[in-house]
Every structure is written in structure tokens, then in C-alpha cells.
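In our numbering, the protein residues as written are 728 to 804.
Glycine included, every Cβ here is placed at the ideal spot set by N, Cα and C.
It should be emphasised that the depicted structure is a prediction, and the values quoted were computed from it without experimental measurement.
What follows is one structure encoded as C-alpha cells, with my remarks underneath.
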């Protein structure tokens, strides 16, 4: 099985710019991984901001899975 890696600088970047290609690749039988790089919390973030960001990361993971791909959040600030 062929593996394809999409590197997404921020949440949603790969999904918004390459969503159709990701979907086509998974439908063609490829294993697709979307790696989002800058997903770590800022040291100045408030609890409200952190909770909101956790929701965004969850939404990103769900959207990636809906295209048949896997996701990883690398946690860089």
C-alpha cells in the first residue's frame, strides 16, 4: 500500500487546500497521513483559549477522518 504524507503548517491548511486530493488518494487505496505542525499551546494562552483550541484540534481530526485519512498533531508552538 502506498503512503502519502501531507504536511499542514496549521490546523485545516491541508484540508482546505488539498481536501479533494486527500479524498481521491484515500479512495484510490492509499494510506494518507496529514501532519499538522504548529498545534502546540502558546505559553500565554488562557484556559478559554486552550479549550477552544482543543475543540479545533478535535474538529481537524474528525474532518481528516471523514476523508478517510489519518492525522497527527506535532505540537510545535
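Within 10 angstroms of its Cβ, does residue 732 collect 16 or more other Cβ (buried), or is it exposed?
By the C-beta density criterion, residue 732 is exposed, having fewer than 16 other C-beta atoms within 10 angstroms.
Quick check on the DSSP output: the beta strand (DSSP E) that includes residue 764 runs from which residue to which?
Neither: residue 764 is in no beta strand (DSSP E) and is coded neither H nor E.
According to the Cβ coordinates, are residue 808 and residue 761 closer than 7 Å?
Residue 808 lies beyond the stretch modelled for the chain, which goes from 728 to 804, so this question has no answer here.
Counting C-beta neighbours from all protein chains within 10 Å, is the total for residue 752 16 or more, i.e. buried, or is it exposed?
It counts as buried.
Beta-bridge pairing of residue 800 - partner residues as DSSP gives them
Under DSSP, residue 800 takes part in a beta bridge, and its partners are 763.
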